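Here is the structure we will look at.
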Amino acid sequence: MKHKSIYAIAAMCCLASVQTMAQKTLGEATKGKFLFGTAVNMQQVNGVNAAESAIIASEFSAIVAENDMKPQPIHPAEDRFNWDNADKIVAFAEKNKQTLTGHCLIWHSQVPNWFFVGEDGKPATPEVLKERMRKHIHAVVGRYKGKIKGWDVVNEAFEDNGSYRNSKFYQILGKDFIKYAFQFAHEADPNAELYYNDYNVETPSKCDAIVQLVKELKAAGLRIDAVGSQSHMHMINPTVEAAEASFKKLKAAGVHILITEWDISILPSPYEGANISTNFSYSKEMDPYRDGVPADVQAKWNKRMLDMFNLFLKYDDVIDRVTVWGVTDNGTWLNGFPIRGRMDYPMLFDRNNKRKPIVDQMIKLAKKYKTIKKK
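The numbering used here numbers the first residue of the sequence shown as 492 and each following residue consecutively.
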């Protein structure tokens, strides 16, 4: 008699547990309104974290790679690609009949240094960098042509004040690096949707800059289907009104909207935003809920989640996907950002891999909205 692996047994037990919590999931409740997804890592995809693997497979209609499709892990050397993890993520999505988004092709962070260095050791020329971008994008997008619905083509190209980020891409190629990236991605897979993705899109100056970018790309005859708003949120900011104002601007610009990395930190914030290069020193005052979240604070977080989710549903004619950036409180990146060692509670599943009560409230809210035909 063959014995099943401990991971397989654990996954089946967790899946059964998840399925008995409620007949509906957010992925099911939002069907026809927008996809409801999550970011995945290799422990989940490989079944090492069997509990979270089971949750992802049963609860979500879409997934995106948290790290393994970014330039550095997938293309560490000019003549070498690491396809193993990305291939497994594609297979995981296919197995679970989930829509997969590619994240991301061009970003100032998590990109290998060789991209920007010429053979003489000096900064790469515009011609060299442009050709490296073309080869990278054609290789990655081309490998998964027909398997990935859309790509975050360029990630975080603007500062909050609306100026272009002074990345190495911008230093060498100017703002046209964005146009080249969208051109190359469309060449590699003409049927794939193409997205621009950023954080703090609710900031008026940044949103205005993104709208201008959309207009410039369209004027150049380039495809851009949607703008991704990462939506890393805190207990106060951004306000619902600020988020809605950004939705109105993007809708008027003729693009759809993606909520790409949604989480709401319950902890005090030393600043607003999601610049991953920023870290602050640990203090107990900034980590107040190690023994659990007080009921009144939890109620405020629940209301915050419902208020934002209600806004997403209100704009479901243009919002195509809502993706949470993680699965459980235990695995959230916010336990280590922007202050390492804290205990945050920003996700829809708790540290025991159980659905929080807020999920059923969100499902009930989704049922109240009639599904409308997408334009």
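Glycine included, C-beta positions come from ideal geometry on N, C-alpha and C. Computed from a predicted model, the values in this text were never measured in an experiment.
Short Cβ contact (8 Å threshold) for residue i with residue j
| i | j | result |
| --- | --- | --- |
| residue 815 | residue 797 | no |
| residue 785 | residue 830 | no |
| residue 702 | residue 748 | no |
| residue 562 | residue 619 | no |
| residue 807 | residue 525 | yes |
| residue 693 | residue 737 | yes |
| residue 577 | residue 554 | no |
| residue 758 | residue 846 | no |
| residue 754 | residue 825 | yes |
| residue 607 | residue 663 | yes |
Buried or exposed (CB count within 10 angstroms, at least 16 for buried), residue i
| i | result |
| --- | --- |
| residue 848 | exposed |
| residue 721 | buried |
| residue 841 | exposed |
| residue 531 | buried |
| residue 539 | exposed |
| residue 681 | exposed |
| residue 535 | buried |
| residue 769 | exposed |
| residue 641 | buried |
| residue 542 | buried |
| residue 817 | buried |
| residue 711 | exposed |
| residue 844 | buried |
CA-to-CA distance, residue j to residue i, given in whole angstroms
| i | j | result |
| --- | --- | --- |
| residue 787 | residue 821 | 22 Å |
| residue 677 | residue 667 | 16 Å |
| residue 691 | residue 700 | 12 Å |
| residue 775 | residue 850 | 30 Å |
| residue 674 | residue 713 | 6 Å |
| residue 745 | residue 709 | 10 Å |
| residue 661 | residue 715 | 20 Å |
| residue 812 | residue 647 | 19 Å |
| residue 581 | residue 557 | 13 Å |
| residue 570 | residue 634 | 16 Å |
| residue 742 | residue 717 | 9 Å |
| residue 771 | residue 861 | 44 Å |
| residue 781 | residue 827 | 14 Å |
| residue 559 | residue 617 | 27 Å |
| residue 679 | residue 636 | 8 Å |
| residue 704 | residue 819 | 35 Å |
| residue 773 | residue 724 | 20 Å |
| residue 513 | residue 631 | Bear in mind that a pLDDT of 46 at residue 513, under 50, signals an unreliable position, so the model cannot answer this. |
| residue 857 | residue 599 | 36 Å |
| residue 521 | residue 854 | 8 Å |
| residue 654 | residue 698 | 11 Å |
| residue 552 | residue 518 | 5 Å |
| residue 659 | residue 516 | 43 Å |
| residue 852 | residue 567 | 44 Å |
| residue 508 | residue 719 | The predicted position of residue 508 is uncertain, since its pLDDT is 45 and thus under 50; no value can be drawn from it. |
| residue 615 | residue 657 | 16 Å |
| residue 835 | residue 783 | 10 Å |
| residue 579 | residue 650 | 34 Å |
| residue 623 | residue 665 | 16 Å |
| residue 544 | residue 823 | 15 Å |
| residue 799 | residue 652 | 24 Å |
| residue 597 | residue 732 | 31 Å |
Reference residue i, options the options, closest by Cα
| i | options | result |
| --- | --- | --- |
| residue 859 | 600, 802, 682 and 636 | 802 |
| residue 564 | 790, 604, 791 and 672 | 604 |
| residue 672 | 595, 651 and 740 | 595 |
| residue 684 | 845, 638, 544 and 622 | 638 |
| residue 794 | 658, 730 and 707 | 730 |
| residue 734 | 607, 533 and 695 | 695 |
| residue 670 | 621, 650, 652 and 651 | 621 |
| residue 790 | 537, 706, 523 and 726 | 726 |
| residue 449 | 752, 706 and 751 | Missing from the structure shown is residue 449; the chain here goes from 492 to 866 and no further. |
| residue 751 | 649, 579 and 593 | 593 |
| residue 575 | 783, 537 and 597 | 537 |
| residue 837 | 579, 792 and 651 | 792 |
| residue 523 | 823, 843, 844 and 804 | 804 |
The ligand PLP heavy atom lying under 7 Å from the CB of residue i
| i | result |
| --- | --- |
| residue 732 | Of ligands this structure carries none, so the ligand PLP is not represented either. |
Under 8 Å, with one C-beta from each stretch per pair, do the stretch 579 to 593 and the stretch 619 to 628 reach the 3-pair mark? In short, these stretches do not touch, since the Cβ pair count stays below three.
Quick check: the stretch 546 to 554 against the stretch 605 to 618, are at least 3 beta-carbon pairs closer than 8 Å? No, they do not touch.
Is the stretch 629 to 646 touching the stretch 681 to 695 in the sense that three or more CB pairs, one from each, lie closer than 8 Å? With a cut-off of 8 Å, the stretch 629 to 646 and the stretch 681 to 695 count as touching, because enough Cβ pairs lie within range.
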